[in-house]
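Residue -13 is where the sequence shown starts when you use this note's numbering, and the numbers rise one by one after that. For each residue, glycine too, the CB sits at the ideal point set by N, CA and C. Nothing here was measured: the structure is a model prediction, and the numbers come from that model. Structure first, then comments.
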Amino acid sequence: MSDKNTWPADIDGDVLRLLEGRGFDFNLLHEIEFMIDFKGWPLSKEQQGAVLNKLPEASFVETDEELLEEGDPSGYVSFKVKNKVTHDFVTQEPQRLSRLFTNMDGYCDSWVVVSGCGS
């Protein structure tokens, strides 16, 4: 793909250039996971219900033991979607998700491609 030169010089553009360099196929649909963090974790049952009301496909991921031992007690909400990996999508979707949960001090500033290069 020759969009390499059109991606902005930001962190998401850097990731897209890295993927391109590894032979990533931007023409295919890929599973993309967005991580939604909350300042107050763990979420209460009521808060979990509110999350699932807005994003029925979401799941709750607790911090693993190793991170707990390192002092990182935060889990997150995982939201996965199949989509083409584009700069617009990976920058706009976190903004949309952050707006959904702003009243709960939730924010999304990270994403990963679950289906990697060559798959």
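Problem - Residue environment, Gly61, which counts as buried when at least 16 other CB atoms sit within 10 Å - result: buried
Problem - Exposure label - Leu18; buried when at least 16 CB within 10 Å - result: One point to set straight first is that residue 18 is Ile, not Leu, in the sequence displayed. Buried, since its Cβ has 16 or more Cβ neighbours within 10 Å.
Practice task
Give a single yes or no on whether Thr49 has its beta carbon closer than 7 angstroms to a heavy atom of the ligand PLP.
Solution key: Of the ligands one can find in the structure shown there are none, so the ligand PLP has no counterpart to examine.
Exercise for the section: Give the straight-line distance between the Cα atoms of Val64 and Val99, rounded to the nearest whole angstrom. Expected result: Correcting the residue identity first, residue 64 is Ser in this sequence and not Val. Going from the Cα of Ser64 to the Cα of Val99 covers about 13 angstroms.
Exercise for the section: Answer with buried or exposed for Ile22, where buried requires no fewer than 16 other C-beta atoms within 10 angstroms of its C-beta. Expected result: buried
Problem - 8 angstroms contact criterion, which Val71 and His16 should meet: CB distance rounded - result: 6 angstroms
Exercise for the section: Give the straight-line distance between the Cα atoms of Gly9 and Pro42, rounded to the nearest whole angstrom. Expected result: If I take the Cα positions, the gap works out to 33 angstroms.
Handout entry: Which listed residue (Trp(-7), Asp(-2), Thr(-8)) has its alpha carbon closest to that of Trp97
Key = Asp(-2)
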